[in-house]
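There are 2 protein chains.
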Amino acid sequence: MNLPPLVQSFVLHFGEMGSRWGINRTVGQIYALLYVSPEPLNADQIVDSLGISRSNVSMSLRELQAWNLVLLKHLPDDRRDFFTTPDDVWQILRTLAEERKKREVDPTLSVLREILMQQPASDAERHAQARMAEMHGLIEQLTTWYDDVKKLETDRLATLLTLGAKVTRLLEAKDKIISLGRSKRNADKA
Amino acid sequence: MNLPPLVQSFVLHFGEMGSRWGINRTVGQIYALLYVSPEPLNADQIVDSLGISRSNVSMSLRELQAWNLVLLKHLPDDRRDFFTTPDDVWQILRTLAEERKKREVDPTLSVLREILMQQPASDAERHAQARMAEMHGLIEQLTTWYDDVKKLETDRLATLLTLGAKVTRLLEAKDKIISLGRSKRNADKA
DNA sequence: CAGTTATTTCAGTAATTACTGAAATAACGA
DNA sequence: TCGTTATTTCAGTAATTACTGAAATAACTG
Numbered sequence: 000m001n002l003p004p005l006v007q008s009f010v011l012h013f014g015e016m017g018s019r020w021g022i023n024r025t026v027g028q029i030y031a032l033l034y035v036s037p038e039p040l041n042a043d044q045i046v047d048s049l050g051i052s053r054s055n056v057s058m059s060l061r062e063l064q065a066w067n068l069v070l071l072k073h074l075p076d077d078r079r080d081f082f083t084t085p086d087d088v089w090q091i092l093r094t095l096a097e098e099r100k101k102r103e104v105d106p107t108l109s110v111l112r113e114i115l116m117q118q119p120a121s122d123a124e125r126h127a128q129a130r131m132a133e134m135h136g137l138i139e140q141l142t143t144w145y146d147d148v149k150k151l152e153t154d155r156l157a158t159l160l161t162l163g164a165k166v167t168r169l170l171e172a173k174d175k176i177i178s179l180g181r182s183k184r185n186a187d188k189a
Numbered sequence: 000m001n002l003p004p005l006v007q008s009f010v011l012h013f014g015e016m017g018s019r020w021g022i023n024r025t026v027g028q029i030y031a032l033l034y035v036s037p038e039p040l041n042a043d044q045i046v047d048s049l050g051i052s053r054s055n056v057s058m059s060l061r062e063l064q065a066w067n068l069v070l071l072k073h074l075p076d077d078r079r080d081f082f083t084t085p086d087d088v089w090q091i092l093r094t095l096a097e098e099r100k101k102r103e104v105d106p107t108l109s110v111l112r113e114i115l116m117q118q119p120a121s122d123a124e125r126h127a128q129a130r131m132a133e134m135h136g137l138i139e140q141l142t143t144w145y146d147d148v149k150k151l152e153t154d155r156l157a158t159l160l161t162l163g164a165k166v167t168r169l170l171e172a173k174d175k176i177i178s179l180g181r182s183k184r185n186a187d188k189a
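Protein sequences, first through last, are from chains A and Y. Per numbering that gives the first Met the number 0, residue 0 is the first one in the first sequence, and the count goes up by one each step. Per numbering that gives the first Met the number 0, residue 0 is the first one in the second sequence, and the count goes up by one each step.
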């Protein structure tokens, strides 16, 4: 590996994190490298930077493209492929969320729905279905929220996040007032 | 594997999803099994249900305990350990979020902070640091929001989710009015 | 204490996943 | 067309991760 020390730390960390997810070390490293590079890189530059085989780079880039995490660029009079990441980190986050939903949440939802359609043949199955219904409800609620939020542009999403906390506090304050009123009335009754 | 068909589908699916995360197949299967079981299970019951070795169950339960995803129960006059999952799915979600943050987000934040402290030795490093600063900012904003939200009890969290969408729409409406006002003024000027 | 039961540890092995180098394909230009 | 360059594919191998069975430990009982 042949990189400025500061970049190298970042790349190595992402390699480790990658293997902690489903993504493997190399894919994580390549992504990190592209993310911090001032301009797009071609496959051979990645080979030189990370010290891995050309074929590994090819496969890993394909994986990153399947995740929509990487942009393909072309320079004039150069038929090599160059790769970058989007400039906007919030856009990257959105893509990541979308892809993980597609791979992890959606299949789970459809399995749950399918099972919930079936007729339980025992008490054990009836109980299992009830539990799955709870899980299904939770996931549906989360995805409904997500579907609403995902369309927001970067700056509005940021606003919503900082606002989110305030909405929470508002809710708490409202509840406190209501419960104060209730306990006052209860006290009056006694 | 010796399970009611409906439970088996669920368990198998979670096994596959498990290996798509860092978690392995067996851990995923055991968790799914515990999640749908009407009462706590001991290790031997898990062995029988899933057809895996006793030692594998022991290691996998240890893993689940490290993730705080599983509760240890004891029956009177029985010194075996029995395991369950929490009843409240929202509590499960909170735990999952907390543990993933601890394992994935926090280490990344600290690596980023450390790198950002250092003096860049080149333009490449300067640019890399700027990119890392963007990423750091995004993660900080997300975790601030998360820290606010995570303390909410189940029903209030659910409220916030359904509300979240409305807050969004409110923001959009407000922006539309403002931009309408602006474009009117601009039209007047012309 | 010895005997019984529950659980854990761990070395060895099986299974899976990652990676490489060589060959194949593809896309050009002369 | 052939030669050159870029990229992909894939069989073989390396590396990693998962799993097992046997032995060790631990926690109890009589």
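Backbone N, C-alpha and C fix where the C-beta goes; we use that ideal spot for every residue, glycine too. Small disclaimer: the values here were computed from a predicted structure and weren't measured.
Ignoring anything shorter than 3 residues or poking outside the stretch 54-134 of chain Y, list the beta strand (DSSP E) runs there in chain order.
70-72, 81-83
Beta carbon of V69/A nearer than 8 Å to that of F81/A
One-based indexing of the first sequence puts residue 69/A at position 70. One-based indexing of the first sequence puts residue 81/A at position 82. No, they are not a contact pair.
Neighbouring residues, chain A, relative to T107/Y (Cβ below 8 Å):
Locating residue 107/Y in the second sequence gives position 108, counting from the first residue. H12, M16, listed in chain order.
With burial defined as no fewer than 16 other Cβ atoms inside 10 Å of the residue's Cβ, what is the status of G136/Y: buried or exposed?
Counting from one through the second sequence, the residue named residue 136/Y turns up at place 137. With fewer than 16 other Cβ atoms within 10 Å, it is exposed.
Taking the alpha carbon of L160/A as the point to measure from, which residue in Q140/Y, E124/Y, W89/Y, E103/Y has its own alpha carbon closest?
Looking up residue 160/A in the first sequence gives position 161. Selected option, being the one with the closest Cα: Q140/Y.
Contacts of Q28/Y in chain A (Cβ-Cβ under 7 Å)
Counted from its first residue, the second sequence places residue 28/Y at position 29. Ordered by position in chain A, no residue passes the 7 Å Cβ test against Q28/Y, which lies about 14 Å from the chain.
Determine which residues of the stretch 53-81 of chain A have a Cβ less than 8 Å from any Cβ of chain Y, and write them out in chain order.
none
Mind listing the chain A neighbours of V35/Y? Cutoff is C-beta to C-beta under 8 Å, in chain order.
On the second sequence, residue 35/Y is found 36 positions in, with the first residue counted as 1. Ordered by position in chain A, the residues that pass the 8 Å Cβ test against V35/Y are H126, A127, R130, M131.
Using 8 Å as the limit for Cβ to Cβ distance, is A157/A near chain Y?
Within the first sequence, residue 157/A is the residue found at index 158, counting from 1. Answer yes: the Cβ-Cβ gap between A157/A and chain Y drops below 8 Å somewhere.
Looking only at its own chain, which residues have a Cβ that is under 7 Å from the Cβ of V26/Y, when we skip the five neighbours before and after it?
Looking up residue 26/Y in the second sequence gives position 27. Closer than 7 Å at Cβ, skipping near neighbours: G17, S59, E62, L63.
In the DSSP assignment, find the alpha helix (DSSP H) that holds S8/Y and state where it starts and stops.
Here residue 8/Y refers to the residue found at position 9 of the second sequence. First-last of the alpha helix (DSSP H) with S8/Y: 4-19.
Rounded C-alpha distance that separates W89/A from T153/A:
Your numbering for residue 89/A matches position 90 in the first sequence. Your numbering for residue 153/A matches position 154 in the first sequence. In a straight line, the C-alpha of W89/A is about 6 Å away from that of T153/A.
Just the C-alpha distance for R112/Y and M134/Y, rounded to the nearest angstrom, thanks.
Counting from 1 along the second sequence, the entry for residue 112/Y is found at position 113. Counting from 1 along the second sequence, the entry for residue 134/Y is found at position 135. The alpha-carbon atoms of R112/Y and M134/Y are separated by roughly 11 Å.
Taking any Cβ of chain A, which residues in the stretch 93-104 of chain Y have a Cβ under 9 Å from it, in chain order?
R102, E103
Under 8 Å, Cβ to Cβ, is there at least one residue of chain A near I114/Y?
On the second sequence, position 115 is the one that residue 114/Y refers to. Yes, contact with chain A.
With burial defined as no fewer than 16 other Cβ atoms inside 10 Å of the residue's Cβ, what is the status of M116/A: buried or exposed?
Stepping through the first sequence from its first residue, residue 116/A is reached at position 117. So M116/A ends up on the exposed side.
In terms of alpha-carbon separation, which member of K175/Y, R155/Y, A172/Y lies closest to V166/A?
Sequence index remark: in the first sequence, residue 166/A carries index 167 (1-based). Looking at the Cα atoms, R155/Y is the closest of the given residues.
Considering only the alpha carbon of each residue, which of E15/Y, E103/Y, D122/Y lies closest to G14/A?
The residue you call residue 14/A lines up with position 15 of the first sequence. With distances taken between Cα atoms, G14/A lies closest to E103/Y.
Buried or exposed (CB count within 10 angstroms, at least 16 for buried), S163/A:
For the purposes of this step, residue 163/A is taken as the residue at position 164 of the first sequence. Looking at the sequence itself, residue 163/A is Gly, so the reference to Ser does not match. G163/A is buried by the Cβ-count criterion.
Quick check: what's the CA-CA separation for V10/A versus A31/A?
In the first sequence, residue 10/A corresponds to position 11, counting from 1. In the first sequence, residue 31/A corresponds to position 32, counting from 1. Using only the alpha carbons, I get a separation of about 5 Å.
For a test of the three-state rule: what should DSSP assign to L169/A, helix, strand or coil?
Here residue 169/A is taken as the residue at index 170 of the first sequence, counted from 1. Three-state result, L169/A: helix.
Residue-level contact to chain Y via CB, T162/A, 8 Å cutoff:
Your numbering for residue 162/A matches position 163 in the first sequence. For the record, residue 162/A in the displayed sequence is Leu; it is not Thr. True, the Cβ-Cβ gap to chain Y drops below 8 Å.
Collapsed DSSP secondary structure at L151/Y in the structure displayed
Numbered from 1 along the second sequence, position 152 holds the residue referred to as residue 151/Y. Reduced to three states, the DSSP call for L151/Y is coil.
Starting from G27/A, follow the alpha helix (DSSP H) in both directions and report where the run begins and ends.
Within the first sequence, residue 27/A is the residue found at index 28, counting from 1. First-last of the alpha helix (DSSP H) with G27/A: 24-35.
Would you kindly check if the distance between the Cβ of I29/Y and the Cβ of V56/Y is under 8 Å?
Here residue 56/Y is taken as the residue at index 57 of the second sequence, counted from 1. Here residue 29/Y is taken as the residue at index 30 of the second sequence, counted from 1. Yes, Cβ-Cβ distance for V56/Y and I29/Y is below 8 Å.
Nearest to T142/Y by CA position, among P119/Y, E97/Y, R53/Y, is which residue?
Position 143 of the second sequence, counting from 1, holds the residue named residue 142/Y. When only C-alpha atoms are compared, the closest one is E97/Y.
By the criterion of Cβ-Cβ separation under 7 Å, what are the contact partners of Q117/Y in chain A?
Working through the second sequence from its first residue, we reach residue 117/Y at position 118. By Cβ distance, chain A contributes L5.
Neighbourhood of R125/Y by C-beta, 7 Å cutoff - its chain only, sequence neighbours within 5 removed:
Position 126 of the second sequence, counted from the first residue, corresponds to residue 125/Y. So the list reads P119, once near-sequence residues are dropped.
With 8 Å as the threshold, decide whether the Cβ of D47/A is near any Cβ in chain Y.
Taking the first residue of the first sequence as 1, we reach residue 47/A at position 48. With 8 Å as the cut-off, D47/A does not count as an interface residue toward chain Y.
Which word fits S192/Y, buried or exposed, when buried means at least 16 other C-beta atoms lie within 10 angstroms of its C-beta?
The structure shown does not extend to residue 192/Y, since chain Y spans only 0 to 189, so no value can be given for it.
Span separating the alpha-carbon of D122/Y from that of E38/A:
Taking the second sequence and counting its residues from 1, one reaches residue 122/Y at position 123. Taking the first sequence and counting its residues from 1, one reaches residue 38/A at position 39. Answer to the nearest angstrom: the Cα atoms are 12 Å apart.
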